[in-house]
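For reference, the structure discussed in these notes is given below.
Numbering (mature numbering (1 follows the signal peptide of the UniProt record, and there is no 0)), first residue to last: -22 to -1, 1 to 725.
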């Protein structure tokens, strides 16, 4: 009886644990968390009568592990029809190509129309078949489909452990894509073994669970270009051949069975063709050669310099192109500078080839993914380029051919990229501890103390959004959603309670928390660590507020208003300081304008304060959810502030939305405040505090500036577009506002 009771108790406990974990399943597990055990690969045992086929993913791909399914049979490449195709068939395709599983599939030639025969139609797979040829179908080559019905699949990034490429068609080897478990650059010389990132060494492929070198007799510069690109480097360089020849003579390499044949514009080795079988001598060395070596050139952001080490913050290499709205270094919406104005690229025909050019131009490697549909937020301003077509060898995206006609393109179609960046090891020196899920917790850093590495906490004094942004970026967890100055509810490792980092000040662009300003060895943290240590929560998405500069320019005017009509505004400090010294029958001169604030990000903009802590203002009869939402300032041309104003969030709500998007936030009846993605909040020129008091300003030329979310109270994906600047001329009687634009630079 006791045994049954114990068994039931364990079953119930396991059930509760599984339910508890299931609520976080959608978050996935970031690097550092153990994955579920995976089965080891076993090569399929095919009967002699099973048709021998080979597969590849082709077409207009936006990442290397997706594409149109193509089948090589009877000496000819053909396609697969989408009739009766299911995720089970996609599973068979992906596993046959060495991927762990299928993510999705797409009908109707999403990756472009193929050519040749349609080899399979009406496939009925269970998902367990060892090859697509074993799935029931109409028969190989029996189809009533057109190429407009060609099917495509998206496979997982993960490869099957122990996967081994088996060539069933030895007479057609030059037609096959490369399928291996993994690739690496292994540093050989002692001078490179401790260098981060690894830039030089043997190119090795993992096939059948074993690492193998590649014979260099048929190796080309194009192959090196692709390998370097995969590992986050924009280009390759020459290396000292003599040293590596000497090294190869001392140790017997273990060579892979095949050569590699790349054209140089591939984003990944899996898109290169298989070369001829390696001819080995009797002593297992390749004829006349030695193992392939690559030497890569890192971009400036990842280059060590003798004086300053790695650059403290990422700076783009090419001023004509930039990335915006990405969570981590090397990803973002692509923006190009044309005629002095930043604009976006329409995603029509956007491909890996074009994305590769952008990534290399900015000092990264090849593209992991070419993103479309405004996936990393929508830009502002013009759409400069459409239907971009690159060969992959251009120095800049501006050199590629494109259609200047952008009619029909909106910012909902803004193109973006996710680039390969060098492995810097930053993730291994930081962790989140004690959180309910992998995306939150107390921040713990790994530092050297007395000759050994120890984990410790970060002092929470002055800890804010910018510091939290750097932590989330360093861990690859997206954007910060909150920065915490108390973490008593997240009990981390007791051995890591001690403060090892204090005085942290980040600009928000750093790749690592150690790159931010901090006290170094001179720690100062009166509050101590433990329960008062810094913490963060991260999110894959963030809002992005952008002010419409044209609305400011078009709605500006001047009004003289008597003090007795400005009592509420006076109570909320919306007038200049001299207003407290004048009688009620005097007038204040106000520079008035409208603000239209768009949320172009990927998640809703919500006030940091919960509604129970919003402040009620009796005079205006509304709640302030943010005490300072915008700053309005007037500067002289030499940068001296001559007038200022500020606006609390009188009411954050959806005034209007893009077509197809419903309003979610409305302030009436103590409703929720916020701005939905794809909506905007309009503060009209005729409401209180929507002005700058210029009563004491002398006539002249000025710069007018508006800053949204100035204290970074709410995390956003891009703060650089939170500023609008205008030129302003005031002659004492009239005012002109002109040349309004987003960004910190003046025009």
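Backbone N, C-alpha and C define an ideal beta-carbon position, used for all residues, glycine too.
Separation of residue j from residue i, as counted between CA atoms
{"i": "residue 218", "j": "residue 264", "result": "19 angstroms"}
{"i": "residue 437", "j": "residue 620", "result": "38 angstroms"}
{"i": "residue 296", "j": "residue 246", "result": "Low per-residue confidence applies at residue 296: pLDDT is 44, beneath 50, and the placement is therefore not dependable, though the value from the model is reported in the following sentence. The straight-line gap from Cα to Cα measures roughly 24 angstroms."}
{"i": "residue 556", "j": "residue 676", "result": "15 angstroms"}
{"i": "residue 642", "j": "residue 416", "result": "29 angstroms"}
{"i": "residue 500", "j": "residue 458", "result": "27 angstroms"}
{"i": "residue 593", "j": "residue 601", "result": "5 angstroms"}
{"i": "residue 188", "j": "residue 696", "result": "44 angstroms"}
{"i": "residue 622", "j": "residue 670", "result": "6 angstroms"}
{"i": "residue 29", "j": "residue 110", "result": "10 angstroms"}
{"i": "residue 496", "j": "residue 60", "result": "58 angstroms"}
{"i": "residue 545", "j": "residue 460", "result": "36 angstroms"}
{"i": "residue 718", "j": "residue 689", "result": "22 angstroms"}
{"i": "residue 720", "j": "residue 319", "result": "10 angstroms"}
{"i": "residue 711", "j": "residue 536", "result": "9 angstroms"}
{"i": "residue 387", "j": "residue 361", "result": "7 angstroms"}
{"i": "residue 413", "j": "residue 206", "result": "37 angstroms"}
{"i": "residue 515", "j": "residue 311", "result": "24 angstroms"}
{"i": "residue 580", "j": "residue 34", "result": "34 angstroms"}
{"i": "residue 54", "j": "residue 183", "result": "28 angstroms"}
{"i": "residue 80", "j": "residue 606", "result": "48 angstroms"}
{"i": "residue 356", "j": "residue 469", "result": "39 angstroms"}
{"i": "residue 42", "j": "residue 133", "result": "9 angstroms"}
{"i": "residue 432", "j": "residue 445", "result": "21 angstroms"}
{"i": "residue 170", "j": "residue 95", "result": "50 angstroms"}
{"i": "residue 737", "j": "residue 407", "result": "The displayed coordinates of the chain run from -22 to 725. Any statement about residue 737 would go beyond what the structure contains."}
{"i": "residue 422", "j": "residue 506", "result": "14 angstroms"}
{"i": "residue 354", "j": "residue 693", "result": "15 angstroms"}
{"i": "residue 585", "j": "residue 529", "result": "24 angstroms"}
{"i": "residue 589", "j": "residue 685", "result": "24 angstroms"}
{"i": "residue 779", "j": "residue 466", "result": "No statement about residue 779 is possible, as the shown extent of the chain runs from -22 to 725 and does not include it."}
{"i": "residue 128", "j": "residue 26", "result": "29 angstroms"}
{"i": "residue 180", "j": "residue 269", "result": "7 angstroms"}
One or two residues paired with residue i in a DSSP bridge
{"i": "residue 437", "result": "511"}
{"i": "residue 379", "result": "367"}
{"i": "residue 310", "result": "395"}
{"i": "residue 619", "result": "613"}
{"i": "residue 155", "result": "251"}
{"i": "residue 479", "result": "436"}
{"i": "residue 184", "result": "160 and 189"}
{"i": "residue 57", "result": "48 and 96"}
{"i": "residue 635", "result": "657"}
{"i": "residue 583", "result": "653"}
{"i": "residue 741", "result": "Nothing about residue 741 can be reported from this structure: the residues present for the chain run from -22 to 725 only."}
Under 8 angstroms between C-beta atoms of residue i and residue j
{"i": "residue 196", "j": "residue 254", "result": "yes"}
{"i": "residue 273", "j": "residue 216", "result": "yes"}
{"i": "residue 368", "j": "residue 411", "result": "no"}
{"i": "residue 532", "j": "residue 491", "result": "no"}
{"i": "residue 611", "j": "residue 668", "result": "no"}
{"i": "residue 45", "j": "residue 89", "result": "yes"}
{"i": "residue 666", "j": "residue 474", "result": "no"}
{"i": "residue 349", "j": "residue 302", "result": "no"}
{"i": "residue 327", "j": "residue 366", "result": "yes"}
{"i": "residue 472", "j": "residue 582", "result": "no"}
{"i": "residue 163", "j": "residue 403", "result": "no"}
Residue i classed as buried or exposed, judged by whether at least 16 other C-beta atoms fall within 10 angstroms
{"i": "residue 379", "result": "exposed"}
{"i": "residue 382", "result": "exposed"}
{"i": "residue 538", "result": "exposed"}
{"i": "residue 638", "result": "exposed"}
{"i": "residue 102", "result": "exposed"}
{"i": "residue 39", "result": "buried"}
{"i": "residue 230", "result": "exposed"}
{"i": "residue 549", "result": "exposed"}
{"i": "residue 680", "result": "buried"}
{"i": "residue 120", "result": "exposed"}
{"i": "residue 373", "result": "exposed"}
{"i": "residue 562", "result": "exposed"}
{"i": "residue 190", "result": "buried"}
Any non-hydrogen atom of the ligand NAP closer than 7 angstroms to residue i Cβ
{"i": "residue 267", "result": "Questions concerning the ligand NAP fall outside what the structure shown contains, since it holds no ligand whatsoever."}
**Request:** Enumerate, from N- to C-terminal direction, the unbroken alpha helix (DSSP H) stretches of 4 or more residues contained entirely within the stretch 194 to 233.
**Result:** 199 to 208 and 219 to 228
**Prompt:** Residue ranges of each beta strand (DSSP E) run of no fewer than 3 residues wholly in the stretch 300 to 345, ordered along the chain?
**Reply:** 309 to 316 and 319 to 323
**Asked** Which whole runs of the beta strand (DSSP E) in the stretch 498 to 552 are 3 residues long or more, in chain order?
**Response** 513 to 517, 523 to 525 and 535 to 540
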